[in-house]
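Q: First the structure, which I've put down as structure tokens, then a few questions once you've had a look.
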Amino acid sequence: MHFRQAARTKELSCRPPRDIARHVCLLATVLLVAASGGCMTGCREYIANGFKVGPNYRKPAVPISDNWIDSRDQRISNDPPIENAWWQVFRDPVLDALVQNAYAQNLTLREAGFRVVESRAILGIAVGNWFPQTQQAVGAYSRQQLSQEVGFVAGGGGPGFPRNFSVWSGGAQLAWELDFWGRFRRSIEAADAELDASVENYDDVLVVLLSDVAEAYVDIRTLEQRIRYAVANVGSQTGSLDLANIKLDEGAASKLDVTEAKSNVAQTEATIPVFETRLRQAQNRLCVLMGMPPQDLTRLLGTTTPIPRAPPMVAVGIPAELIRRRPDVRRAERLVAAQSARIGIAESDMYPAFTINGSIFVRASQFSDLFKGSAIGGNVGPSFNWNILNYGRLRNYVAVEQSRFMQLATSYQNVVLNANREAEDSIVAFLKSQRQAQILREGVKAAEESRNLVNALYRGGRADFGRVFFAEYFLVQQQDALAQSEGEIALSLVRLYRALGGGWQIRLDPAGAGSWIEPVPLPDVNQQELPAPEAVPPPPPNPFPGAGAATPAKTPQVP
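When the letters of the sequence shown are read in order and numbered with our numbering, they come out as residues 3 to 561.
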């Protein structure tokens, strides 16, 4: 009885809630000064950063050229480059259909879309941590029996104190760690930057996909042209072989003429299987890009379409626009921003964490008594937790995050440099391949005239077969080099648009951004539709809700 009365007296002598709040605020102030080491500079930085520890992010400076090396070339324009559907400059409807089908069906792009969905969910988790972290409803029932050898008045608690009884309970509890140092807000910043990086990764995958489709298509048309040249030369060389056999029968030529003619035919004919192998491999690569099993696309694509012809001029803008246009550059910068926020998260562990804990419950021995006012209990109050005597671990955690920030900042600068290099490489390749093709066209024309002249001389007996052999062999080499050069013009332009970061803007098109587009049949080549992919998983939820949105919708940030 004395115990209960003393406890009651102590409860009545407790300070009122306002005194408790005052002392909690005083304690928080003392801890803040102690954690800051009394450094006013740190306090000013903490306040300037919006009551968050750690640095506020600033985009790292990057080196970038002022102008392109070949900016004075008349074929290079500083006008803004084509951003949407750059492949249409080739005016090839087959290529247009292939690109659209790859955009609709490519599995790598679909995988990147799932990553965007995942990153958005992670951001939602980070935002949720800013609110009370623990909110639980609890309930329990137990049947208990007290020991007669322990407890209040050993032997069962005295006369009338039951040994066996039931306990019914239910209620709710809450724990809210206050974001005093900005740890949760920094986590939201990091998750938000990671979401941006996942969007940029999606766009980068899209840029690479579009260029890979165009490159595979150009390779196919280039190999078809090389095969056509080879087949035509085999026919011409076979005619020379027949002429050598006739002259041998007439005694007007030696056996050497026949063997040289056979060797020439065999050498040219042997290139055809090599080209056909590469052609099939290019088709297989194109099938995978379109998200379907490899199959022979010869009937589907046809074999008479020429190599895509690139326009002689191209608009490339200025080098500084690469930072805005290229998704891989923007992704690298967003990763730096996310890492900057993680420095603040690591620093917050060096300071005390303030938490408000509370619970309310009902508890009774009989279930019907749970609904009585006397069964209600609860508690509420603040607490703090401070990791002390950590032996420098927390400071080293901060140093680790700072080092990772510097790594990513340096990587970002390197990505910008390589973007500039790739664009310059593609520009010079585009310009020089045009000049090379022009020279080779003149060379092929001269080689054809030489072949015709020397054949006429051999037929009239005024030249030996050695000159015929050399003229036909040289024509084969020149024509094959011309086909490769013409293909290189188209390939260099494709790579230039890829280096400029073009093509991802199609997801901003209201016709295709709001939903996954359906495959379309190719233009009338052989009246055959594009085969549907097999065993392809269903498309993910649209990672970019809202057609025309530059970035996906995000969970609102907590100010």
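Virtual Cβ for every residue (Gly too), placed ideally from N, Cα, C.
Residue 318 to residue 205, Cα distance in whole Å?
A: 19 Å
Q: For residue 142, which three-state DSSP category applies?
A: In the structure shown, residue 142 adopts extended strand secondary structure according to DSSP, grouped into three states.
Q: Specify, as a first and last residue, the run of the alpha helix (DSSP H) that residue 472 falls within.
A: 467 to 501 is the span of the alpha helix (DSSP H), which, as asked, contains residue 472.
Q: Considering only C-alpha positions, which residue in the set 143, 137, 140 and 164 is nearest to residue 150?
A: 164
Q: I want to know whether the segment 311 to 325 touches the segment 187 to 197 - three or more CB-CB distances under 8 Å.
A: no
Q: Pull up the distance between the alpha-carbon of residue 298 and that of residue 327, whole angstroms please.
A: Those two C-alpha atoms are separated by around 36 Å.
Q: Excluding the 5 residues preceding and the 5 following residue 480 in the sequence, name in chain order all residues of the same chain whose CB lies nearer than 7 Å to its CB.
A: 442, 445, 446 and 449
Q: Just reading off the alpha helix (DSSP H) that residue 233 is part of, what are its end residues?
A: 185 to 252
Q: Tell me whether the beta-carbon of residue 414 lies closer than 8 Å to the beta-carbon of residue 335.
A: A contact, by the Cβ cut-off of 8 Å.
Q: Kindly indicate which three-state DSSP category residue 64 falls into: helix, strand or coil?
A: Of the three classes helix, strand and coil, the one that applies to residue 64 here is coil, per DSSP.
Q: What does the alpha-carbon distance come out to for the pair residue 416 and residue 264?
A: 55 Å
Q: Starting from the C-beta of residue 23, find all residues in its chain whose C-beta is less than 8 Å away, skip the five residues before and the five after it, and write them out in chain order.
A: Residue confidence is low: residue 23 scores 48 on pLDDT, short of 50, so the model does not pin down where it sits. No coordinate-derived value is stated.
Q: Report the partner residues of residue 384 according to the DSSP bridge assignment.
A: BP columns for residue 384 point to 358.
Q: Report the rounded CA-to-CA distance for residue 342 versus residue 412, giving the unit in angstroms.
A: 13 Å
Q: Return the residue from the list 396, 384 and 300 that minimises the CA-CA distance to residue 345.
A: Closest by alpha carbon: 396.
Q: According to DSSP, is residue 176 part of a helix, a strand, or is it coil?
A: In the displayed model, residue 176 falls within a strand according to three-state DSSP.
Q: Are there 16 or more other CB atoms within 10 angstroms of the CB of residue 495, so buried, or fewer, so exposed?
A: buried
Q: Would residue 465 pass as a contact of residue 456 if the rule is Cβ separation under 8 Å?
A: Yes; because the gap between Cβ atoms is below 8 Å, this pair is in contact.
Q: What is the DSSP secondary structure of residue 97, counted as helix, strand or coil?
A: Residue state, collapsed to three classes: helix.
Q: Ignore the nearest five residues each way along the sequence and tell me which others in residue 72's own chain have a CB closer than 7 Å to its CB.
A: 78, 429, 430 and 433, listed in sequence order.
Q: Tell me the DSSP bridge mates of residue 78?
A: 316
Q: Let me confirm a value: residue 248 is counted as buried when at least 16 other C-beta atoms fall within 10 Å, else exposed. Which label applies?
A: exposed
Q: Cβ atoms of residue 329 and residue 506: under 8 Å apart, would you say?
A: yes
Q: May I ask you to list the residues that DSSP assigns as paired with residue 171?
A: According to DSSP, which records beta bridges pairwise, residue 171 is partnered with 142 and 365.
Q: Between which two residues does the alpha helix (DSSP H) containing residue 393 stretch?
A: Looking at the DSSP string, residue 393 is not in any alpha helix (DSSP H), and its letter there is neither H nor E.
Q: Within 10 Å of its beta-carbon, does residue 113 have 16 or more other beta-carbons around it, so buried, or fewer, so exposed?
A: exposed
Q: Let me make sure I understand the geometry here. Which of 179, 58 and 369 has the alpha-carbon closest to that of residue 191?
A: 58
Q: Does any heavy atom of the ligand PLP sit closer than 7 Å to the C-beta of residue 466?
A: The ligand content of the structure shown is nil, which means the ligand PLP is not present either.
Q: Once the 5 residues before and after residue 220 are set aside, which same chain residues still bring their CB inside 8 Å of it?
A: Sequence-distant partners of residue 220 (beyond 5 residues in either direction) whose C-beta falls short of 8 Å from its own C-beta, in its chain, are 309, 310, 489, 492, 493 and 496.
Q: Helix or strand or just coil, what does DSSP make of residue 58?
A: coil
Q: Do residue 410 and residue 364 have their beta-carbon atoms positioned less than 8 Å apart in this structure?
A: no
Q: Using three-state DSSP, classify residue 378 as helix, strand or coil.
A: strand
Q: Any chance the segment 167 to 187 sits against the segment 132 to 140, with 3 or more Cβ pairs inside 8 Å?
A: yes
Q: For the alpha helix (DSSP H) that contains residue 325, what are its first and last residues?
A: 324 to 327
Q: Anyone know if the C-beta pair for residue 291 and residue 108 falls short of 8 Å?
A: yes
Q: With DSSP as the reference, identify every bridge partner of residue 457, one or two as the case may be.
A: Beta-bridge pairing links residue 457 to no other residue.
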